[in-house]
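A short worksheet on the structure shown next.
Have a look at this one:
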């Protein structure tokens, strides 16, 4: 009788099978190689030693990108035509960063302003100061002044019309040569261009097309808003038409777009959608560097003077010090605060004598004129010119409250001043005179009781009176919880990690698309 064998169950079969034999190699296994580092060409006209708030963003990116697997080549201008220089910012740049420079054909900033700046104001000032001794010389002087003013206006109109989108277009010829040489000598994986000036986007567009590299556009400010509010911006239908076509062209060439606010990102997505594009748009806010605040020292507060300008007076237990740092211009109009201080001086002069407004930074003539309205009033006004970034942090550390300004103009709801995040990092109280919008939303997260619209100077005055009384009647302010985790989201290190991931994602996407095209060709 023949019986069929039952098959062995799998679990028993696994046990019964002999163990595989291992043959040891005489050669040791190769070590696992770390992932290859990538390199990005960063095009930044505004880069140290250029000063100002806009320089901090690319400088901090360069400082931290190496920690996230990206080496950087920086292309910047050799002879920048800018109002401010800050040599101290060069200390932020790591030693291994390759910086290449190209000369611009622009005239120096002072000469440029003399040629096309506020010529009518200077001419009127000279004419008003002249004291003609007779009618004929006086008429001759006025005629010459008018002719000079007309000539300067014509020169400005011609320059701003021909140099689209901005005067920094004169940097592009030499920048193109230097960039091409760098890209041909050293392999790069991506292009990152930050603007303004927006002519840099045109350079990035050409380089991306020639070398088939992914292009990331960083809008530090919206192109359309800058055309409205920046100094010496070209106007008229021709400029608007030309710049609209330029922006559409560079957006079509971009692999990704970065903006500094969620509202700006939404506006750029809308523009891309209208062009039939689904290019990724990411928000990377401006922020603060935690290392900047590790060694902040208060500025000199004695009655002596420094080499540049007088020191601030010593802090007083009775005086409430309100500090503003940054540029005062049409998007940061100080008029609401000036009006509020005038109200305090008229309603409570004894309170006003304990208020000190300190303004550190560059000011347009119109804003300087507003500050002169406070001369002779009980409140104390201290005005300083631009100073190095480290000193600015020292002035902020001496404040009872920091002043944040944003004018109530169309588009302001999409603007977040870069200084807001350094203000937040001080943990100081912030007096925010800003309209409704993204800035107000961020401020509300940290300082819900000190935000006022620019159109309500009486509310600002009432708040100032309250703060002076609190300081003079209490020895110290009550401790309050601060949303530390929300604050750390704005650290430069975290933001650079976000940028590094975007760069890697874009490169991976570009490589995948190239592989698909190659397979299709086969």
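Residue numbers (the numbering used here): 88 to 609.
Note that the Cβ used here is the ideal one computed from N, Cα and C, for glycine as well.
#### Entry: residue 436 classed as buried or exposed, judged by whether at least 16 other C-beta atoms fall within 10 angstroms
As a position in the chain shown, residue 436 is number 349, starting the count at 1. Answer is exposed; the Cβ neighbour count stays below 16.
### Task
Name the two residues that bound the continuous alpha helix (DSSP H) containing residue 288.
The sequence position of residue 288 within the chain shown is 201, counting from 1. 286-298 is the extent of the alpha helix (DSSP H) around residue 288.
### Query
Can you tell which of 158, 424, 171 has the C-alpha that lies nearest to the C-alpha of residue 180?
Numbered from 1 along the chain shown, position 93 holds the residue referred to as residue 180. The candidate whose alpha carbon is nearest that of residue 180 is 158.
### Query
Is the region 287-303 in contact with the region 142-158, if contact means three or more CB pairs nearer than 8 Å?
no
### Query
In the structure shown, what three-state DSSP assignment does residue 538 receive?
On the chain shown, residue 538 is found 451 positions in, with the first residue counted as 1. Three-state DSSP puts residue 538 in a strand.
### Limits of the alpha helix (DSSP H) - the one that residue 450 falls within
Stepping through the chain shown from its first residue, residue 450 is reached at position 363. Where residue 450 is concerned, there is no enclosing alpha helix (DSSP H), given that its DSSP letter is neither H nor E.
### Task
Below 8 Å CB to CB, which residues in the same chain sit around residue 293 once its five sequence neighbours on both sides are set aside?
Locating residue 293 in the chain shown gives position 206, where the first residue counts as 1. Within the same chain, residue 293 has close Cβ partners 263.
### Query
In this structure, does DSSP put residue 443 in helix, strand or coil?
Looking up residue 443 in the chain shown gives position 356. Here residue 443 sits in strand by DSSP.
#### Entry: Exposure of residue 561, with buried meaning 16 or more beta-carbon neighbours within 10 Å
To locate residue 561, count along the chain shown from 1; it is residue 474. By the 10 Å Cβ count, residue 561 comes out exposed.
### Task
Could you tell me the boundaries of the beta strand (DSSP E) in which residue 407 lies?
Taking the first residue of the chain shown as 1, we reach residue 407 at position 320. In the DSSP annotation of this structure, the continuous segment of the beta strand (DSSP E) that includes residue 407 starts and ends at 407-412.
### Query
If residue 350 and residue 500 are in contact, beta carbons under 8 Å, what's the gap, nearest whole angstrom?
In the chain shown, the residue the question calls residue 350 occupies position 263. In the chain shown, the residue the question calls residue 500 occupies position 413. At roughly 6 Å, the Cβ-Cβ gap stays under 8 Å, so residue 350 and residue 500 are in contact.
### Query
Contact between the region 300-315 and the region 269-279: three or more CB pairs below 8 Å?
Yes, the region 300-315 touches the region 269-279.
#### Entry: Nearest residue (CA-CA) to residue 477, options 468, 469, 412, 532
Residue numbering aside, residue 477 sits at position 390 when the chain shown is read from its first letter. For residue 477, the nearest C-alpha among the options comes from 412.
### Cβ contact check for the region 406-423 and the region 483-501: 3 or more pairs under 8 Å
With the cut-off at 8 Å, the region 406-423 and the region 483-501 touch.
#### Entry: the region 358-373 contacting the region 541-552, beta-carbon criterion three pairs below 8 Å
no
### Cut-off 6 Å between Cβ atoms - residues of its own chain near residue 141, not counting five sequence neighbours on either side
Walking along the chain shown from the start, residue 141 turns up at place 54. Excluding residues within five positions, the ones whose Cβ falls inside 6 Å are 133, 307.
#### Entry: Alpha-carbon spacing of residue 466 relative to residue 443, whole angstroms
Stepping through the chain shown from its first residue, residue 466 is reached at position 379. Stepping through the chain shown from its first residue, residue 443 is reached at position 356. Spanning the two alpha carbons is a distance of roughly 6 Å.
### Query
Which of helix, strand or coil does DSSP assign to residue 511?
The residue you call residue 511 lines up with position 424 of the chain shown. Assignment of residue 511 by DSSP, reduced to helix, strand and coil, places it in the helix class.
### Message
So, for residue 256: in the same chain, excluding its five sequence neighbours on each side, which residues have a beta-carbon less than 7 Å away from its beta-carbon?
### Response
For this step, residue 256 is matched to residue 169 along the chain shown. Hits under 7 Å: 250, 286.
### Task
State the DSSP-derived secondary structure class of residue 196, mapped to helix, strand or coil.
The residue labelled residue 196 in the question sits at position 109 within the chain shown. Residue 196 falls in the helix class under three-state DSSP.
### Task
Rounded to whole angstroms, what's the CA-CA distance from residue 190 to residue 495? Just pull it up for me.
To locate residue 190, count along the chain shown from 1; it is residue 103. To locate residue 495, count along the chain shown from 1; it is residue 408. Taking the straight line from one Cα to the other gives about 38 Å.
#### Entry: C-beta contact flag for residue 340 and residue 297 at 8 Å
Mapped onto the chain shown, residue 340 falls at position 253. Mapped onto the chain shown, residue 297 falls at position 210. Result no, Cβ atoms of residue 340 and residue 297 do not sit closer than 8 Å.
### Task
Kindly indicate the opening and closing residues of the beta strand (DSSP E) around residue 568.
Walking along the chain shown from the start, residue 568 turns up at place 481. Element bounds for residue 568: n/a, residue is neither H nor E.
### Query
Which two residues bound the contiguous beta strand (DSSP E) that contains residue 281?
Here residue 281 is taken as the residue at index 194 of the chain shown, counted from 1. Taken as a continuous stretch (DSSP letters only), the beta strand (DSSP E) holding residue 281 covers 277-282.
### Task
Can you say whether residue 234 is buried or exposed, counting buried as having 16 or more other CB atoms within 10 angstroms of its CB?
Here the question's residue 234 lines up with position 147 in the chain shown. Exposed, by the Cβ-count rule.
### Query
So what's residue 227 in DSSP terms, helix, strand or just coil?
Here residue 227 corresponds to residue number 140 of the chain shown, with the count starting at 1. Residue state, collapsed to three classes: helix.
### Task
Under the assumption that residue 138 contacts residue 172 (Cβ atoms under 8 Å), give the Cβ distance between them as a whole number of angstroms.
As a first step, residue 138 is located in the chain shown; it is residue number 51 there, counting from the start. As a first step, residue 172 is located in the chain shown; it is residue number 85 there, counting from the start. The pair is a contact, with the Cβ atoms about 5 Å apart (cut-off 8 Å).
### Message
Three Cβ pairs or more, each shorter than 8 Å: is that satisfied between the region 578-595 and the region 454-471?
### Response
no
### Message
Any contact between the region 414-431 and the region 444-453? By contact I mean 3 or more CB pairs, one from each, below 8 Å.
### Response
yes
### Query
Roughly how many angstroms lie between the CA atoms of residue 168 and residue 162, to the nearest whole one?
Mapped onto the chain shown, residue 168 falls at position 81. Mapped onto the chain shown, residue 162 falls at position 75. In a straight line, the C-alpha of residue 168 is about 16 Å away from that of residue 162.
### Three-state class that DSSP yields for residue 391 in the structure shown
Counting from 1 along the chain shown, the entry for residue 391 is found at position 304. For residue 391, the predicted model reports a pLDDT of 36, less than 50, meaning its position is unreliable; a value from the coordinates is still stated below. Correct three-state label for residue 391: coil.
### Query
Thinking C-beta only, is residue 269 closer than 8 Å to residue 129?
Residue 129 sits at position 42 when you count from the first residue of the chain shown. Residue 269 sits at position 182 when you count from the first residue of the chain shown. Not a contact, by the Cβ cut-off of 8 Å.
### Message
With a threshold of 6 Å on Cβ separation, who are the neighbours of residue 440 within its own chain once the five nearest residues in sequence on each side are excluded?
### Response
In the chain shown, the residue the question calls residue 440 occupies position 353. Cβ within range, chain order: 465.
### Query
Rounded to the nearest angstrom, how far is the Cβ of residue 362 from that of residue 331, given a contact under 8 Å?
To locate residue 362, count along the chain shown from 1; it is residue 275. To locate residue 331, count along the chain shown from 1; it is residue 244. With 8 Å as the limit, residue 362 and residue 331 do not qualify as a contact, their Cβ atoms being about 11 Å apart.
### Task
Can you tell me which of 193, 533, 551 puts its alpha carbon nearest to the alpha carbon of residue 426?
The sequence position of residue 426 within the chain shown is 339, counting from 1. It is 551 whose Cα lies nearest to the Cα of residue 426.
### Query
When we look at the beta-carbon of residue 325 and count the other beta-carbons within 10 Å, is it buried (16 or more) or exposed?
Taking the first residue of the chain shown as position 1, residue 325 is located at position 238. Classification of residue 325: exposed, given that the 10 Å Cβ count is below 16.
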